[in-house]
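Numbering (the working numbering), first residue to last: 542 to 780.
The beta-carbon is built from N, C-alpha and C at its ideal position, and this holds for glycine as well.
Reading through the structure tokens given below for one structure.
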């Protein structure tokens with residue numbers, strides 16, 4: 542996070558921390574593997590998830606101006622702006638990253654493999670497919686001029702308004718199940734709960750829907766489409 546802050550100061554923008562979010566988990570997983578000497582599968586799955594997310598966000602943000610969230614936050618800066626940014630952005634995200642990564646670390650130090658390991662890997666696979674495919678479908682939709690001013694309601698977006706956030710949460714529940722093979726790992730249940738909370742009530746779904754609420758056709762999309770868990774869309778005229 543200190544390196545990310547230094548890069549942000551040099552670039553004059555802080556949305557690079559969103560890229561570092563995925564990279565940070567990959568770094569934690571690799572360090573945990575080196576220290577523990579075990580947990581190759583959970584490490585690989587975490588690194589794959591983190592690198593895919595980092596690349597996706599960097600490609601998306603690289604074509605945009607600075608994220609308005611960080612612009613608004615830095616306008617409220619008091620005292621040294623770099624120290625303010627460290628406390629309000631980088632330190633907070635670093636602590637959350639460390640806490641959410643507990644199941645990965647627990648699975649590595651346990652080194653146990655069993656039925657829950659493979660169930661967790663299968664759940665992870667469902668999550669990464671939803672997240673990656675949802676992001677890809679949305680990127681294609683936004684790149685098509687015909688989609689300008691319209692609501693994305695195709696592909697996975699027909700069944701949930703947030704396939705990417707649902708997939709993200711599912712990934713972390715899968716990694717938790719891999720850790721839950723041992724009782725110590727089972728105690729880390731607060732980590733996927735915290736991640737799910739942020740995705741549904743914090744900076745994920747809730748923030749996105751506040752920004753989308755005024756768009757034409759969005760209220761109808763909300764009426765017929767599940768808010769998080771994938772479900773068949775409601776038929777026209779139903780409530």
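Practice task
Can you give me the Cβ contacts of residue 618 inside the same chain, cut-off strictly under 6 Å, excluding the 5 residues immediately before and after it?
Solution key: To locate residue 618, count along the chain shown from 1; it is residue 77. Around residue 618: 625.
Handout entry: Short Cβ contact (9 Å threshold) for residue 672 with residue 707
Key = What you label residue 672 is simply residue 131 of the chain shown in a count that begins at 1. What you label residue 707 is simply residue 166 of the chain shown in a count that begins at 1. Yes, the pair counts as a contact, with Cβ atoms nearer than the cut-off.
Practice task
Could you give the DSSP three-state label for residue 694: helix, strand or coil?
Solution key: If you number the chain shown from 1, residue 694 lands on position 153. In this structure, residue 694 counts as coil in the three-state DSSP scheme.
Problem - Touching by the beta-carbon criterion (3+ pairs, under 8 Å), the segment 636-649 and the segment 726-735 - result: yes
Handout entry: Rounded Cβ spacing between residue 558 and residue 678 (contact assumed at less than 8 Å)
Key = In the chain shown, counting from the first residue as 1, residue 558 sits at position 17. In the chain shown, counting from the first residue as 1, residue 678 sits at position 137. Not confirmed; about 26 Å, so no contact.
Problem - Pairwise C-alpha distance: residue 774 and residue 562 - result: Position 21 of the chain shown, counted from the first residue, corresponds to residue 562. Position 233 of the chain shown, counted from the first residue, corresponds to residue 774. Going from the Cα of residue 562 to the Cα of residue 774 covers about 32 Å.
Problem - Residue ranges of each alpha helix (DSSP H) within the segment 644-680, 4 or longer - result: none
Exercise for the section: Please report the residue range of the alpha helix (DSSP H) in which residue 738 lies. Expected result: Here the question's residue 738 lines up with position 197 in the chain shown. Looking at the DSSP string, the run of the alpha helix (DSSP H) that includes residue 738 is 731-742.
Practice task
Would you be able to state if there are at least three C-beta pairs under 8 Å between the segment 708-721 and the segment 572-588?
Solution key: yes
Practice task
Report yes or no: do the segment 559-579 and the segment 591-601 share at least 3 C-beta pairs separated by less than 8 Å?
Solution key: yes
Practice task
Answer yes or no: do residue 637 and residue 611 have a C-beta to C-beta separation smaller than 9 Å?
Solution key: Here residue 637 is taken as the residue at index 96 of the chain shown, counted from 1. Here residue 611 is taken as the residue at index 70 of the chain shown, counted from 1. Cβ atoms of residue 637 and residue 611: not closer than 9 Å.
Exercise for the section: Pull up the distance between the alpha-carbon of residue 544 and that of residue 628, whole angstroms please. Expected result: To locate residue 544, count along the chain shown from 1; it is residue 3. To locate residue 628, count along the chain shown from 1; it is residue 87. Answer to the nearest angstrom: the Cα atoms are 14 Å apart.
Problem - Sufficient close CB pairs (3 or more, under 8 Å) joining the segment 654-671 to the segment 747-766 - result: no
Problem - Nearest to residue 750 (by Cα), restricted to the options 714, 591, 702 and 735 - result: If you number the chain shown from 1, residue 750 lands on position 209. For residue 750, the nearest C-alpha among the options comes from 702.
Exercise for the section: Take the Cβ of residue 575 as the centre, count every other Cβ of all protein chains shown within 10 Å, and call the residue buried at 16 or more, exposed below. Expected result: Indexing the chain shown from 1 puts residue 575 at position 34. Classification of residue 575: exposed, given that the 10 Å Cβ count is below 16.
Problem - Alpha carbon of residue 740 to alpha carbon of residue 747, nearest angstrom - result: Counted from its first residue, the chain shown places residue 740 at position 199. Counted from its first residue, the chain shown places residue 747 at position 206. When rounded, the distance between both Cα atoms is 8 Å.
Exercise for the section: Within its chain, find whatever has a CB closer than 6 Å to the CB of residue 764; leave out the 5 residues flanking it on each side and keep chain order. Expected result: The residue given as residue 764 occupies position 223 in the chain shown. Contacts found: none.
Exercise for the section: Count the other CB atoms, across all protein chains shown, that sit within 10 Å of the CB of residue 744; report buried if there are 16 or more and exposed otherwise. Expected result: For this step, residue 744 is matched to residue 203 along the chain shown. So residue 744 counts as exposed.
Problem - residue 621 classed as buried or exposed, judged by whether at least 16 other C-beta atoms fall within 10 angstroms - result: The count along the chain shown starts at 1 and reaches residue 621 at position 80. It counts as exposed.
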